[in-house]
Each structure stands twice: as structure tokens, then as C-alpha cells.
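A.B. asks: Residue numbers (numbering that gives the first Met the number 0), protein chains in the order written: chain D, 0 to 457; chain A, 0 to 175. Virtual Cβ for every residue (Gly too), placed ideally from N, Cα, C. Have a look at this one before I ask anything.
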Amino acid sequence: MSNADATRPILPPHQSYADVTDQLASIPLHFPARRTWLIALFLASLLLGLLFVSAVVLFAEGVGVWGLNIPVNWAFAIHNYVWWLGIGHAGTLISALLLLLGREWRNSLNRFAETMTLFAVVCAGIYPILHLGRPWFVYWMFPYPATMKVWPQFRSPLEWDIWAVLTYLTVSVVFWYIGLVPDLAAARDRARRRGWQVFFGVLSLGWRGSALHWMRWNQAYRLLAALAVPLVVSVHSEVSLLFASGTIPGWHSTIFPPYFVLGAAFSGFAVVSMIAIALRALFNLGNLVTDDHLDILGRILLATGLMTAYGYVFEVFDALYSGNAHELQTLKDRLLGEYWWSYTGAVVFNFVVLQPLWWSAVRRNAYLLFAISTSVAIGMWLERYMILVTSLYRDFLVSSWGSYTATFWDWSTYIGTIGLFFVPFLLIIRVLPVISIFEIKEVLHDENEEEAKEPRHA
Amino acid sequence: MPEPFGVLAEFETPEALVVAAREARAQGYRDLDAFTPFPVPELNPVLRLRDSRVLWLGLFGGLFGFALALAMQMFTNFDYPVNVGGRPLYPLSAFGIVAFELTVLFAALAPAIGMLALNGLPRLHHPVFGARAFARASKDRFFLCVLASDVQFEPRETTRFLRSLDPASVELVAAP
Chain D
0 MSNADATRPI
10 LPPHQSYADV
20 TDQLASIPLH
30 FPARRTWLIA
40 LFLASLLLGL
50 LFVSAVVLFA
60 EGVGVWGLNI
70 PVNWAFAIHN
80 YVWWLGIGHA
90 GTLISALLLL
100 LGREWRNSLN
110 RFAETMTLFA
120 VVCAGIYPIL
130 HLGRPWFVYW
140 MFPYPATMKV
150 WPQFRSPLEW
160 DIWAVLTYLT
170 VSVVFWYIGL
180 VPDLAAARDR
190 ARRRGWQVFF
200 GVLSLGWRGS
210 ALHWMRWNQA
220 YRLLAALAVP
230 LVVSVHSEVS
240 LLFASGTIPG
250 WHSTIFPPYF
260 VLGAAFSGFA
270 VVSMIAIALR
280 ALFNLGNLVT
290 DDHLDILGRI
300 LLATGLMTAY
310 GYVFEVFDAL
320 YSGNAHELQT
330 LKDRLLGEYW
340 WSYTGAVVFN
350 FVVLQPLWWS
360 AVRRNAYLLF
370 AISTSVAIGM
380 WLERYMILVT
390 SLYRDFLVSS
400 WGSYTATFWD
410 WSTYIGTIGL
420 FFVPFLLIIR
430 VLPVISIFEI
440 KEVLHDENEE
450 EAKEPRHA
Chain A
0 MPEPFGVLAE
10 FETPEALVVA
20 AREARAQGYR
30 DLDAFTPFPV
40 PELNPVLRLR
50 DSRVLWLGLF
60 GGLFGFALAL
70 AMQMFTNFDY
80 PVNVGGRPLY
90 PLSAFGIVAF
100 ELTVLFAALA
110 PAIGMLALNG
120 LPRLHHPVFG
130 ARAFARASKD
140 RFFLCVLASD
150 VQFEPRETTR
160 FLRSLDPASV
170 ELVAAP
């Protein structure tokens with residue numbers, strides 16, 4: 000980042016603590032965009048309903064209603080699991096990594112980015128359970144003294160998965176809530192109606208902003224942030240090991256953990272940008288989520304996108320360098336085989352469409368950034384599809400080659416999880432402060448201090 | 000007159016609060032508390048706030064999680080040994096991920112819960128909430144409180160002292 004950016008304040012000057020508090024705390028208390036919100040909630044509920052119907056059909060009929068079968072026995076279930084989990088990671092990275100690095104612009108984005116993480120992880124988490132076919136046996140994943148005298152197999156990546164995801168979900172919830180408590184107290188003190196007072200009063204745990212409490216809070220919050228960053232890396236590395244631990248050509252590569260982690264951050268930053276732009280428009284938050292924020296998000300998107308593109312290049316190199324006949328066959332299948340569109344689509348949506356972000360005017364244009372972010376979300380979805388299906392549909396033995404097509408219920412479940420994401424997300428932005436109030440005030444305070452030290456002449 | 004909890008002085012900026020806290024320390028007051036809408040780390044040395052128990056909880060939580068994870072994985076493989084292609088029964092490389100996850104889980108839960116417990120939260124009510132100006136402690140005002148437990152505390156004298164610090168308001172807070 001250039002020097003000009005370091006000294007220029009990220010938030011417009013001359014905003015008082017009181018204005019910001021009232022503006023943000025009044026979003027839940029005097030909700031501004033009722034009609035838009037209700038329409039969005041209605042549409043999201045329809046999608047959630049679709050998920051329920053799909054789940055009922057799945058449980059009644061069995062996983063046969065999905066298109067996965069030998070040889071492509073991992074398809075939409077794992078594909079969308081990885082996609083959703085990856086989206087979730089950006090929320091943690093924005094919130095935790097940038098907190099530790101002292102990047103104050105993150106204070107406008109961290110709250111809704113973390114909220115996005117929670118529900119993205121929930122969407123990811125239900126997929127393995129649905130995929131079980133007999134979801135009522137999900138507790139077999141846990142080590143409990145069973146009458147059958149068996150234990151889960153801890154040497155399998157499939158068992159690592161449940162520990163990684165549940166830890167990630169728990170730590171994300173705790174980090175989100177600890178960061179929320181002071182804002183809940185601010186909303187409690189602004190609330191006039193009894194119901195809101197009780198609601199925020201109970202949730203804020205009696206927070207009163209004592210100096211000693213803040214000191215301990217800071218220790219806990221920063222410690223959690225310091226733990227969350229390696230946690231993200233470990234969780235998505237672990238997800239990549241679901242693939243890389245096997246010997247399937249196209250999966251068995253050491254590039255997989257960083258390739259997956261970067262791709263996850265890439266798709267997640269795209270969705271954060273989309274949500275930032277949508278919320279900014281919905282709640283008139285242009286004074287807090289500024290064009291400078293979009294500019295930075297655009298840069299991060301470009302950077303993580305190029306790192307993901309490096310993964311594509313390395314994957315090809317890996318196959319060529321190995322000289323292994325099966326690896327080469329898989330490479331050819333990816334580029335030119337039945338599912339060539341998923342590879343081409345990933346490269347086009349994730350790399351080609353991304354290039355305008357080199358220009359600041361594009362990054363600062365909300366419409367263009369939204370369009371590019373949507374393209375990235377689609378591109379990453381195609382990439383996960385490509386990695387899964389093109390490796391599996393033709394493995395070592397020609398006799399076991401086959402193909403895969405997603406069925407109606409595959410699609411309906413996937414589209415339904417979008418409802419599972421948006422319904423709770425919309426409910427949260429309705430009842431809780433969507434932007435961290437006290438952290439915004441910290442930024443304003445620091446900017447005022449800078450201003451006092453060396454006044455700017457605008 | 001009810002028992003006092005302390006005297007609360009309201010300031011408009013964190014800088015004014017830090018100055019006032021320093022004055023109060025110089026005056027000999029020791030039982031002080033401050034209430035701010037966002038963290039003001041400059042207060043910690045002035046008020047002599049020192050407590051690293053939250054961080055220690057993180058360390059012990061992490062060690063506990065690590066030990067628990069290794070013990071759990073070793074035991075399950077010991078109690079139900081499965082030969083997977085001749086691979087070792089107790090491979091640390093395969094146990095590493097779950098060990099790392101549980102280390103993080105307990106290293107995060109212990110300080111989070113510990114922070115709330117050390118702060119005495121959740122708590123339904125506190126005397127300072129009875130102060131008229133206090134709703135702005137979560138908005139845009141910065142409060143210094145001389146607690147009644149201070150040996151030098153004397154309602155009228157302490158109020159007069161705090162008034163001399165140029166606050167926006169001074170208020171005697173009653174204990175519940």
C-alpha cells in the first residue's frame with residue numbers, strides 16, 4: 000500500500016462518536032429498509048423451503064436421488080461443502096488477520112464478514128450430514144463408549160474433518176460474540192422499547208465498559224484472533240487433505256493445501272465484497288463503508304485471485320513434471336475431456352474476468368466490483384467441480400470409467416443451501432448491529448489524533 | 000442518605016479522562032475505575048491495571064486440548080486397533096490435525112469464558128447503571144469513578160476534587 004493511502008483517513012472526517020452510534024444502533028431499533036428486507040427474507044425462505052423439501056426427499060429415498068455414483072462417488076456433496084467452507088474463511092481472515100496487523104479499515108467490514116462466516120460454515124456443515132444418507136448416525140463420528148466396542152478411525156482424513164469444522168464453527172461463534180458484546184451494550188443503552196431493552200440487556204451480559212474489563216477483553220479478543228488465523232489455514236488444509244491423502248491422479252499433490260486455502264480466501268473475499276456493497280446500499284452506510292474500502296477489497300480480490308491462478312499453473316506443471324501416465328491423462332481430461340467447460344469456466348471466471356481490477360476506477364465502482372465478485376463466486380464453484388469430477392470420472396482402470404451428471408435434487412439441495420445462508424443472515428442483520436460500532440469509534444479516535452498531530456489541508 | 004458506591008465524573012474525550020485519572024492518582028486515590036465506549040489502552044498504566052490471567056488461561060487451555068487430543072487418539076487406536084495396510088497404529092503425523100484443532104479449541108474457549116468470569120459477567124445490574132449520565136458511556140462519553148471503598152473517599156471532598164478536573168458532570172452514585 001502506498002504512503003498516500005497510509006496517511007489518508009479511511010473514514011470521512013467530522014463524524015462524531017454520537018452520530019456513528021446512533022446511526023448503527025438505530026438499524027435494528029428503527030429498521031430503515033423494511034420492504035426490501037421483507038422481500039429478501041421471503042425469497043430466501045422459499046429457497047430454505049426448497050432445501051427442506053430436498054432433504055425430506057433425500058432421507059426418504061436415499062442418496063440415490065443424487066447423481067453421484069461409482070466412479071464419481073464424491074460430487075455435489077463435497078463440492079458444495081468445500082465451496083461454502085471456503086467462502087466462510089474470508090470472514091475470519093478479514094476480522095482476525097487484519098486486526099493483528101492493525102489495519103483499521105477492517106473495522107467497517109469485520110462484523111458482517113464474521114456473520115457471513117458463521118452461516119457459510121453451517122451450510123458447509125450440513126452437507127456431510129446429508130451425504131451420510133443415514134444422518135441419524137452422525138454421532139458415530141464422535142468417540143463415545145459404544146456398545147459395539149468400536150471407535151472412530153482417527154487416522155482417516157474424514158474423521159479429521161468433523162473436528163476441524165466443529166472447532167472452526169465454535170471458535171468463529173465465540174470470536175464473533177466476544178466482539179459483539181460491547182455493541183450489544185450500546186444498543187441496549189439506546190433502546191427505548193421494553194422488548195429491545197430486555198433483548199439487548201440479556202445478550203450484552205451486563206457489559207459496562209470498565210477499563211479493567213476492556214483490558215481483559217482486549218487480551219481475549221486478540222488471543223482469539225491470533226488463534227483464528229492458523230485455524231483457518233489448518234481447516235482448509237485439512238479439507239484439501241481429504242483429496243490429497245488419496246492416490247487419485249489430479250489430487251495427490253503437495254500444492255493442494257495452499258492452493259485450497261488461497262482459493263477459499265479468494266472466493267470468500269468475493270462474497271464479502273458482494274455483501275458489503277449490498278448492505279451499504281440497503282442501509283445507506285456510504286460514510287462507513289467507503290469507496291476506499293471497495294478499493295482495498297478489489298486489491299485483495301486481485302491478489303488472492305492471482306495466487307489461485309498460480310495454483311492452476313502449478314497443477315499443470317505438477318502433472319507434466321511427474322511424467323506419470325495417469326496424471327497426464329487426468330490433465331488431458333481436465334482441459335479437453337467431457338467436463339472441459341468446468342476447467343475453462345474456472346479460468347475465465349476466476350482469472351480473465353478479474354483483470355480489470357488492476358484499474359482503480361473499476362475497484363471503486365460498486366457495480367463493476369459486484370459483477371466481478373459474482374463471477375469469482377461462480378468461478379470458484381466451477382473450480383471445485385473441476386477438481387472433483389474430472390479426477391474421478393476416469394481413474395486408473397478404463398473399465399471403471401464413467402460419467403456424472405447432477406440431478407434435479409442435487410441442484411435443488413445446492414440452491415436450497417443459499418436460502419439456509421440468507422435466512423439467518425437476514426435475521427441477524429435485522430436484530431443486531433451490522434457494523435462494529437465501538438471499533439468504528441476507535442478508528443475515528445485514531446484519525447482525530449492523527450489530525451491533531453499534523454493537520455491536513457484539504 | 001443511601002450508602003454511596005462512588006463518585007462518577009463525565010469527560011468528553013478519552014484524553015481528558017486519562018489526564019483526570021492521572022490527577023486522581025496523584026491526589027492519592029487508589030480505588031478508581033473508568034468507563035469508556037471503546038478501549039482506551041492509555042488508561043492501563045495510569046490506573047495500574049495489570050492482569051495477564053486471561054493469557055495464561057489461553058496457554059493452559061491449549062496445552063490441555065493438545066494433551067486431550069493425543070490421549071483420545073492414542074487410546075481409541077489402542078482399544079480398537081485396525082491394521083490399515085500395515086501403517087503404524089500411533090502415527091503422530093496422522094494425529095497432528097485433530098491435536099492442532101483441539102489445541103486451538105481449548106486455547107480459545109478458556110480465555111473467552113475466563114475473560115467473562117474474571118470480569119464478573121454476565122451480571123444483571125450494577126450501581127453505575129443508576130447514574131443519570133451513564134447511558135452515554137456506551138456512546139460518546141468517558142467516565143472516571145472514584146469508588147467508595149477508597150480510603151480517602153469522602154463524598155463531598157471527592158466530589159469537589161473531581162469538579163476541579165473540568166468534567167462535563169459529576170454525580171454521586173448510590174450503592175444498590
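Just to confirm, is the Cβ distance from A89 (chain D) to G208 (chain D) under 7 Å?
C.D. replies: Cβ atoms of A89 (chain D) and G208 (chain D): not closer than 7 Å.
A.B. asks: Who pairs with V169 (chain A) in a beta bridge, going by DSSP?
C.D. replies: A:A8
A.B. asks: Could you tell me whether the segment 69-78 of chain D touches the segment 247-257 of chain D, using the rule of 3 or more Cβ pairs below 8 Å?
C.D. replies: no
A.B. asks: Any beta carbon from chain A within less than 7 Å of V260 (chain D)'s own beta carbon?
C.D. replies: At least 7 Å separates the CB of V260 (chain D) from every CB of chain A.
A.B. asks: Using 7 Å as the limit for Cβ to Cβ distance, is L69 (chain A) near chain D?
C.D. replies: no
A.B. asks: Would a C-beta distance cut-off of 7 Å place F142 (chain A) and F34 (chain A) closer than the cut-off?
C.D. replies: yes
A.B. asks: Can you give the Cα-Cα distance for S155 (chain D) and W195 (chain D), rounded to whole angstroms?
C.D. replies: 48 Å
A.B. asks: What distance in whole Å lies between the Cβ atoms of E9 (chain A) and A132 (chain A), which are believed to be in contact at a cut-off of 8 Å?
C.D. replies: 5 Å
A.B. asks: By the three-class DSSP mapping on this structure, what secondary structure does P144 (chain D) have?
C.D. replies: coil
A.B. asks: Between which residues of its own chain and A20 (chain A) is the CB-CB distance below 8 Å, once the five residues before and five after are set aside?
C.D. replies: L31, A33, L42, V45, L46 and L143
A.B. asks: Let me confirm a value: T146 (chain D) is counted as buried when at least 16 other C-beta atoms fall within 10 Å, else exposed. Which label applies?
C.D. replies: exposed
A.B. asks: Give the residues of chain D in contact with L48 (chain A), contact being defined as C-beta atoms less than 8 Å apart.
C.D. replies: One finds A210, L211 and M214 in chain D with Cβ atoms closer than 8 Å to the Cβ of L48 (chain A), taken in chain order.
A.B. asks: How many Å lie between S235 (chain D) and P257 (chain D) at the Cα?
C.D. replies: In the sequence on display, residue 235 (chain D) carries His and not Ser. Linking H235 (chain D) to P257 (chain D) through their CA atoms gives a straight-line distance of about 9 Å.
A.B. asks: Could you spell out where the alpha helix (DSSP H) holding D160 (chain D) opens and where it closes?
C.D. replies: Run containing D160 (chain D): P156 to R189, per the alpha helix (DSSP H) assignment.
A.B. asks: In the DSSP assignment, find the alpha helix (DSSP H) that holds F59 (chain A) and state where it starts and stops.
C.D. replies: R52 to D78
A.B. asks: Would you mind telling me which residues of chain D sit closer than 9 Å to D32 (chain A), beta carbon to beta carbon, in chain order?
C.D. replies: S209, A210 and L211
A.B. asks: Rounding to the nearest angstrom, what Cα-Cα distance links R215 (chain D) and L222 (chain D) in this structure?
C.D. replies: Between R215 (chain D) and L222 (chain D), the C-alpha separation is close to 11 Å.
A.B. asks: Is it buried or exposed, N82 (chain A), if we count other Cβ atoms within 10 angstroms and call 16 or more buried?
C.D. replies: exposed
A.B. asks: I want to verify the contact list: residues of chain D whose CB lies under 8 Å from the CB of L117 (chain A), in sequence order.
C.D. replies: R215
A.B. asks: Kindly examine the ligand ATP and report whether one of its heavy atoms sits closer than 6 Å to the Cβ of F282 (chain D).
C.D. replies: Among the components of this structure there are no ligands whatsoever, and the ligand ATP is therefore not found.
A.B. asks: Just reading off the beta strand (DSSP E) that L143 (chain A) is part of, what are its end residues?
C.D. replies: F141 to L146
A.B. asks: Identify whether S209 (chain D) lies in helix, strand or coil by the three-state DSSP scheme.
C.D. replies: strand
A.B. asks: Let me know the alpha helix (DSSP H) ranges lying completely inside the segment 197-270 of chain D, each 4 residues or longer, listed in chain order.
C.D. replies: 210-243
A.B. asks: Let me confirm a value: A3 (chain D) is counted as buried when at least 16 other C-beta atoms fall within 10 Å, else exposed. Which label applies?
C.D. replies: Any answer about A3 (chain D) is weak, because its pLDDT of 42 lies below 50 and its placement is not dependable; what the coordinates show is given next. Exposed is the call here.
A.B. asks: Express the C-alpha separation of L387 (chain D) and A93 (chain A) in angstroms, rounding to a whole number.
C.D. replies: 23 Å
A.B. asks: Alpha carbon to alpha carbon, how far is T412 (chain D) from L49 (chain D)? Give it in angstroms, no decimals.
C.D. replies: 7 Å
A.B. asks: Output yes if chain A places a C-beta closer than 7 Å to the C-beta of F437 (chain D); else output no.
C.D. replies: Answer yes: the Cβ-Cβ gap between F437 (chain D) and chain A drops below 7 Å somewhere.
A.B. asks: Kindly indicate which residue of D:M273, D:P432 and D:T343 has the alpha-carbon position closest to the one of T373 (chain D).
C.D. replies: D:M273
A.B. asks: Counting only the same chain and skipping the five closest in sequence on each side, list residues whose C-beta sits under 6 Å from that of E113 (chain D).
C.D. replies: G90, S94 and W175
A.B. asks: Note down, in chain order, every chain A residue with its Cβ under 7 Å from the Cβ of A184 (chain D).
C.D. replies: S137
A.B. asks: Among the candidates D:V149, D:R189, D:W82 and D:L96, whose CA atom is the shortest distance from the CA of G124 (chain D)?
C.D. replies: D:W82
A.B. asks: If I follow the unbroken alpha helix (DSSP H) through D294 (chain D), where does it start and stop?
C.D. replies: D290 to S321
A.B. asks: Does chain A have any CB closer than 7 Å to the CB of K440 (chain D)?
C.D. replies: yes
A.B. asks: Please tell me whether G5 (chain A) has its Cβ less than 7 Å away from any Cβ of chain D.
C.D. replies: no
A.B. asks: Thinking just about the alpha-carbon of each residue, which of D:H292, D:S171, D:I417 and D:Q354 is nearest to the one in R102 (chain D)?
C.D. replies: D:H292
A.B. asks: Which same chain residues end up closer than 7 Å to L168 (chain D) when comparing Cβ atoms and leaving out the 5 residues on each side of it in sequence?
C.D. replies: V120 and G124
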